[in-house]
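Residue numbers for the sequence shown, in mature numbering (1 follows the signal peptide of the UniProt record, and there is no 0): -28 to -1, 1 to 411.
Beneath this line is the structure, given in C-alpha cells, with notes to follow.
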Amino acid sequence: MKIRRITIPAVLAAIIAVFLGFASPAGADSFDKVVQGLKSQRFYLSQDSGAKLSSGDQQAVVSTLKDDKSTIRIAIVKTERVNSSGLTQLDRALGRKGSLILLDAQGSKVIAGSHDGLDSSKINELVAQARGQSSDLKSLLLNLDQQFDKAVQDKKSSSAAGTTVVLVILVLLVAGGVGAIIFVSRRRKRRKAQEMAELKDSVYEDVTRLGEDISALNLNVMDPSLDPQAKEDYEKALGSYDQAKTAVDTAQRPEDMRKVTTALEDGRYFMTAVRARVDGEPVPERRAPCFFNPQHGPSVQDVSWAPPGGAPRSVPACAADTQRVLSGQDPDARLVSVGGYQRPYWDAGPMYAPYAGGYYSGFGGGDMLSGILIGTALGSMFGGGFGGGFGGFGGGYGGYDGGGNDGGGGDSGFDIGGGDFGGFDGGDFGGGDFGGGDW
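Spelled out as C-alpha cells, the structure:
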C-alpha cells in the first residue's frame, strides 16, 4: 500500500475544484500498480474503491499481514471488480501461490481463492466467519487475515502429520515388499518379452508373405514392353516391403508394429495394382485390407459378419472371404500365437492393437476399428483414446485419406470461494480495463 503525501497546493486545488463544481474522481490505479502493491505489502487499497480506512488502520493491516507465516494478500477494489475473473488474473500475475482476497469498500462483497489446499467450501466458511465477527472494515480485514492464516497453518500441520504417517507406512511396505516387487517385476518383464516375441514372429510372417507374393509376380522389369506404370507400382511394392522388413527388424515395442503394417498395406495395394496392369484389367480402388486376414490384400466390398456371441457389423472383406461369409462359412481368419495357442488377431489382446491400427490407419483407423471390434479382445483399445492416434483419420473403409487430431488444456489448482457467499458475479476484468488498463 502506498500512502501519498498531501501537499498544500494539492489541497487548495481540490477545494477550489469542489467549490467551482468541476471536481473529478480520483484516477483508477493501474493493474501493475495493484500487483506491485500486493507483492510488496500484501495489502492494496485502490484509490477509486471509496473505502474509508485511515492511514493508521491501513498500516495496522499491512503490519499484521507481514507478520503472518502464510502468503495471504488482500486488495480493496471497486465493487464491480470483485469477481472470479479478476481474482484469477490477479492470481496469475502474483505467481499462483498463497491465498488472495478481493473485497469492496464496505466489506459487503468478498471473493477469495487459495493455492494452500483450502477448497471452495472451506473458503466460503472462513469468509462467513470473519464477516460475522466484524463491525467495520478494519476488523473485517484483520479477521479475514486471522481466519485464513489459521486455516492455512492448520492445513500445513495436518498435511505434515499425514505425510509423516504415510512415509512410515510406505517405508514399512517397501521394506516388507521389496522381494515381492522384484519378483513381480521380473515376471512381468518375462511375460512382456514373450508376448513381444510372439507378436514379432507373427509380423515377420506377414512381411515374408508379402515378399513371396511380390516374387510370385515374376515381373521382368527390363522388358521394354512392360507398362511403365506397372513397373513404377512394382518398385513401390518392393520399397514398401523393404520398409516393413527394416521396421520389424528394429521394432522394440508393440507400438513399433504400426509402422510395419502401414508399410505392408501399401505394399499389398501396389502389388495388386501391378497384377491388374499386367493382366490388362482396371486397377482396383484403394480399399481397406480384408479385415479377416490383411494378408489377403485390399477388400472388394463390405459384408455383414458377427464374431462368436457378438452382434453383426459391417466389415471390409476380400472376394474369397465375402463368399465364405455369405454362404454361412467361417472366414479365413489371420491366426496368431498367444501363449502358445492360435487365435484370430482381433482376439489376441492389446499387444495387437498397434498391429491392427497400422493396417487401417488410412481408412478410419480407430474410428473404423472401434465399431468392427466391439465385443472382441481389441475392441476396448479403439474406444477413443488408445495411444498413438488410431483415430483422427478421415474417410471410411473404401477411401484412403490421411488426417490428424489436436488437443488442448487449461489451468487448474486455484480453489475459489466467496462472491457474496454463494456464487460469482459476472464481470469483464479480462476483456476491458482489467489485465492491462486501469482499475
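Just so it is clear, CB atoms sit at the ideal spot from N, CA and C, and this is done for glycine as well.
Cβ neighbour criterion (16 or more within 10 Å) applied to residue i
i, result
"S157", "exposed"
"S384", "Here the model assigns S384 a pLDDT of 47, short of 50, so the residue's position is not dependable, and the following value carries that caveat. Looking at its Cβ environment, which holds fewer than 16 other Cβ atoms inside 10 Å, S384 is exposed."
"Y324", "buried"
"R64", "exposed"
"P226", "buried"
"G58", "buried"
"S130", "exposed"
"D91", "exposed"
"F3", "buried"
"H268", "buried"
"Y206", "buried"
"Q30", "buried"
"G376", "Confidence in G376 is poor, its pLDDT being 37 and thus under 50, which makes the residue's placement too unreliable to answer from."
"D178", "buried"
"K231", "buried"
"D319", "buried"
"R53", "buried"
"M353", "buried"
"I153", "exposed"
"G404", "Caution applies to G404, whose pLDDT of 39 falls short of 50 and renders its modelled position unreliable; the model cannot decide the point."
"Q13", "buried"
"G357", "At G357 the pLDDT is 39, less than 50, meaning the model places this residue with poor confidence; the figure from the coordinates comes in the next sentence. Exposed."
"P266", "buried"
"L341", "buried"
"D1", "buried"
"T233", "buried"
"T136", "exposed"
"G85", "buried"
"F15", "buried"
"G(-8)", "Any reading at G(-8) needs caution, since the residue's pLDDT is 31, under 50, leaving its predicted position unreliable; the model's value is listed next. G(-8) is exposed by the Cβ-count criterion."
Identity of the residues DSSP links to residue i by a beta bridge
i, result
"P288", "D274"
"V308", "R315"
"R45", "L72"
"G85", "L72, I388"
"F15", "I46"
"P261", "P270"
Pick from the options that is closest to residue i, judged by C-alpha positions
i, options, result
"R315", "D39, A165, L307", "L307"
"A328", "R296, W277, L345", "L345"
"P256", "G312, T244, L98", "T244"
"S111", "T36, I44, R45", "T36"
"D173", "V250, Q224, G337", "Q224"
"G22", "G149, D76, T348", "D76"
"S71", "D40, V49, K50", "D40"
"M229", "Y331, R181, K94", "Y331"
"L171", "G239, G311, G336", "G311"
"G334", "R258, Q8, L210", "R258"
"L66", "P254, R249, G9", "G9"
"Q201", "G300, L17, T180, V246", "V246"
"G321", "L350, L116, G337, Q295", "L350"
"V49", "K11, S18, V34, A32", "S18"
"residue 467", "P254, T294, D185, L142", "No information on residue 467 is available, as it lies outside the stretch -28 to 411 that the chain covers here."
Nearest-angstrom beta carbon gap, residue j and residue i [assumed within contact, 8 Å]
i, j, result
"A47", "L74", "5 Å"
"S56", "D88", "About 18 Å; that fails the 8 Å criterion."
"A291", "V275", "No, A291 and V275 are not in contact; Cβ-Cβ is about 10 Å, not under 8 Å."
"A123", "L98", "6 Å"
"G347", "G282", "4 Å"
"residue 479", "G239", "The question about residue 479 has no answer here: the residues shown for the chain are numbered -28 through 411."
Report yes or no: do the segment 161 to 168 and the segment 185 to 192 share at least 3 C-beta pairs separated by less than 8 Å? no
Just checking, does the segment 259 to 277 make contact with the segment 206 to 223 on the three C-beta pairs under 8 Å criterion? Counting Cβ pairs under 8 Å, fewer than three are found: no touch.
So does the segment 74 to 86 actually touch the segment 98 to 116, counting three or more Cβ pairs closer than 8 Å? yes
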